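Chains as they are written, first to last, in our numbering: chain X, 1 to 161; chain Y, 1001 to 1277.
Virtual Cβ for every residue (Gly too), placed ideally from N, Cα, C.
Bear in mind that the values here come from a model prediction, so they are computed numbers and not experimental data.
Have a look at the structure below, then the notes.
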Amino acid sequence: MRADRPRIALIALTVIGVGLASYLTYVHYAGLNNLLCGKGGGTCAKVQSSQYSKLAGVPVALIGLIGYIVILCSLLVRQDDRTRFATSAFTLGGFGFSAYLTYREVFSLEQICEWCVGSAVLMTILMVLSVWRYLRGDAPAASLDAPAQPAEQPAAVGSSY
Amino acid sequence: MTPVGSDEEDLTRRERREQARSNRKAAEQAAAAAASRRRRMTQLAGAVAIVVVAIVAILIATGGGKSKPPTPGSPAAKNTPPEVQKEIGGIPQNGNTLGSPAAPVTLVYFGDLQCPICKEFTLGALPGVIEKWVKPGKLKIEYRNLETATREPETFRTQQTAALAAGAQHKMWDYLEIFYRQQGAEGSGYVNEAFLQGIAQQVPGLNLSKWASDRSNKAYESQLEKDRESASNEGFNGTPSFLLGKNGALNKLEGSEYGSLTSSTGFDTSIEKALKS
Chain X
1 MRADRPRIAL IALTVIGVGL ASYLTYVHYA GLNNLLCGKG GGTCAKVQSS QYSKLAGVPV
61 ALIGLIGYIV ILCSLLVRQD DRTRFATSAF TLGGFGFSAY LTYREVFSLE QICEWCVGSA
121 VLMTILMVLS VWRYLRGDAP AASLDAPAQP AEQPAAVGSS Y
Chain Y
1001 MTPVGSDEED LTRRERREQA RSNRKAAEQA AAAAASRRRR MTQLAGAVAI VVVAIVAILI
1061 ATGGGKSKPP TPGSPAAKNT PPEVQKEIGG IPQNGNTLGS PAAPVTLVYF GDLQCPICKE
1121 FTLGALPGVI EKWVKPGKLK IEYRNLETAT REPETFRTQQ TAALAAGAQH KMWDYLEIFY
1181 RQQGAEGSGY VNEAFLQGIA QQVPGLNLSK WASDRSNKAY ESQLEKDRES ASNEGFNGTP
1241 SFLLGKNGAL NKLEGSEYGS LTSSTGFDTS IEKALKS
């Protein structure tokens, strides 16, 4: 057994993302206009009340929250190659969506919301970390010990995390 | 001597076999690792391709903010005034207020004419509120100006002043309702002099030359500043925001109270409560 530090870091970052997206979703549905944000809250309120704050009628904050929860679920289940790929795929999707929203902020609205930037940075770190973790795989670490105990290798793949 | 030499020879042969086996195993492992890496890279490339296609589709679907409001005289523009008349025709207007001055309850609506969420409210919950409470004389609605979606302060000042100037002829709500119905895509720069004139031309009975001269009235700039200050005092920095109260005692109406901007049910409950207070 060895500690999967990238996984722990991913879980911690995703939990922060869930908190951040929960706040923005709450603000959206509660209609709170005193959104905590730089420049007196004006820019965040503009972004949050813009036409791009919804996608097909669904608030993007809620889409983000669902995304973070899905990523968290993929990290909390028993880990194997498929779940590590799933985490990478979900974070790649989240990164792409964050890139789209950042594009809208910068080029369509010309307003920056600190909360959205925070989420975009978080999603970028999650994507880089999860893709690196998936590409690294489990084989190199396991194969170092493998020649002495070849029979234990398959079990180690599934149970080391 | 010979047995010893044979043993050494056997050992060397065994060692060579071991070595070869070990090399073969290492090569197999290296090949397996390379194949695994290739497989992972291919899978990730597939995921990236799907994400790119999805984002491009979203970009196309949400447009580049290029959709234009209906031009004056177009069928869409022709339908707007009758719709507005059906909603607010016959209701007394006074400056920025819609409804009987004697109405006991007041709803203050902070809005920005370019704000799409305000449009959502104006076309969603507002008609129901007007029908149920304003028409029977129980509620009046006061529109206050708060810049949110409009990027340029100068554009904000010009468009909101255009609406306030219609208020000098008791037609500000006609102007607001028509503007929201013909609102263009955010950030597309659709609000220009022709657009503002086009809205004014659609307001039934508006004296255009008086409206044009009223627009330069400095009192409206003071009105905008007063509205901004009142929003700031309430801690509002988004639109739409609301105040509700009876006989001038106004309180913040939070989103958690009215619930939805597209249905009047939550507003009905809050207004009923204010009436009974």
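- At a cut-off of 9 Å between C-beta atoms, Gly1255 (chain Y) counts as an interface residue with respect to chain X.
- Taking the C-beta atoms as reference points, Gly93 (chain X) is found nearer than 9 Å to Val1051 (chain Y).
- The Cβ of Ser88 (chain X) sits closer than 9 Å to at least one Cβ of chain Y.
- By the C-beta density criterion, Ile1199 (chain Y) is buried, having at least 16 other C-beta atoms within 10 angstroms.
- Taken in chain order, the members of the segment 1173-1206 of chain Y whose beta-carbon sits within less than 8 Å of a beta-carbon on chain X are Ala1185, Glu1186, Gly1187.
- Each residue's CA atom was taken as its position, placing Asp4 (chain X) and Leu1146 (chain Y) some 51 Å apart.
- For Val1108 (chain Y), the three-state secondary structure derived from DSSP is strand.
- In this structure, DSSP gives Phe1236 (chain Y) a state outside helix and strand, which the three-state scheme calls coil.
- Counting along the chain, no alpha helix (DSSP H) covers Arg1144 (chain Y); the unbroken beta strand (DSSP E) around it starts and ends at 1139-1145.
- In this structure, Leu1253 (chain Y) and Leu1244 (chain Y) form a Cβ contact; the two beta carbons are roughly 4 Å apart against a cut-off of 8 Å.
- In this structure, the straight-line span from the alpha carbon of Ser1241 (chain Y) to that of Lys1135 (chain Y) is close to 22 Å.
- Closest in alpha carbon position to Ala61 (chain X), among X:Asp80, X:Arg82, X:Ser98, is X:Ser98.
- Taking one beta carbon from each stretch, the segment 72-92 of chain X and the segment 1042-1061 of chain Y have 3 or more pairs nearer than 8 Å; the two touch.
- Residue pairing of Ala1249 (chain Y) in beta bridges, as defined by DSSP: Y:Lys1246.
- For the segment 1225-1241 of chain Y, the set of positions with a beta-carbon nearer than 7 Å to some beta-carbon of chain X reads Gly1235, Phe1236, Asn1237, Gly1238, Thr1239, Ser1241 in chain order.
- Taken through DSSP and simplified to helix, strand or coil, Ser1222 (chain Y) comes out as helix.
- Look at Lys54 (chain X) here: in three-state DSSP terms it is strand.
- Using a CB distance cut-off of 9 Å, Pro1116 (chain Y) counts as an interface residue toward chain X.
- Gln1202 (chain Y) and Ser53 (chain X) have their C-alpha atoms some 31 Å from each other.
- Looking only at Y:Ile1178, Y:Glu1120, Y:Gly1099, Y:Tyr1109, the smallest Cα-Cα distance to Leu1250 (chain Y) is reached by Y:Tyr1109.
- Taking CB atoms only, Ser1036 (chain Y) has a neighbour in chain X less than 9 Å away.
- Non-local beta-carbon contacts of Val117 (chain X) in its own chain, meaning distances under 7 Å to residues more than five positions away in sequence, are absent.
- Put simply, the segment 1137-1146 of chain Y touches the segment 1091-1107 of chain Y. At least three CB pairs are less than 8 Å apart.
- In terms of beta-carbon proximity, Gln1019 (chain Y) stays away from the interface with chain X, with every pair separated by 9 Å or more.
- Under the 10 Å beta carbon count, Lys1171 (chain Y) is surrounded by 16 or more other beta carbons and is classified as buried.
- Inclusion of Ala30 (chain X) and Ser1263 (chain Y) in the CB contact set at 9 Å is not warranted, their separation being larger than that value.
- The C-beta of Val131 (chain X) comes closer than 9 Å to at least one C-beta of chain Y.
- Beyond the five residues adjoining it in sequence on each side, Val47 (chain X) comes within less than 8 Å, by CB distance, of Ser53, Glu105, Leu109, Gln111, Ile112, Cys113, Cys116 in the same chain, given in chain order.
- Here the C-alpha atom of Glu1186 (chain Y) lies approximately 17 Å from the C-alpha atom of Ala1194 (chain Y).
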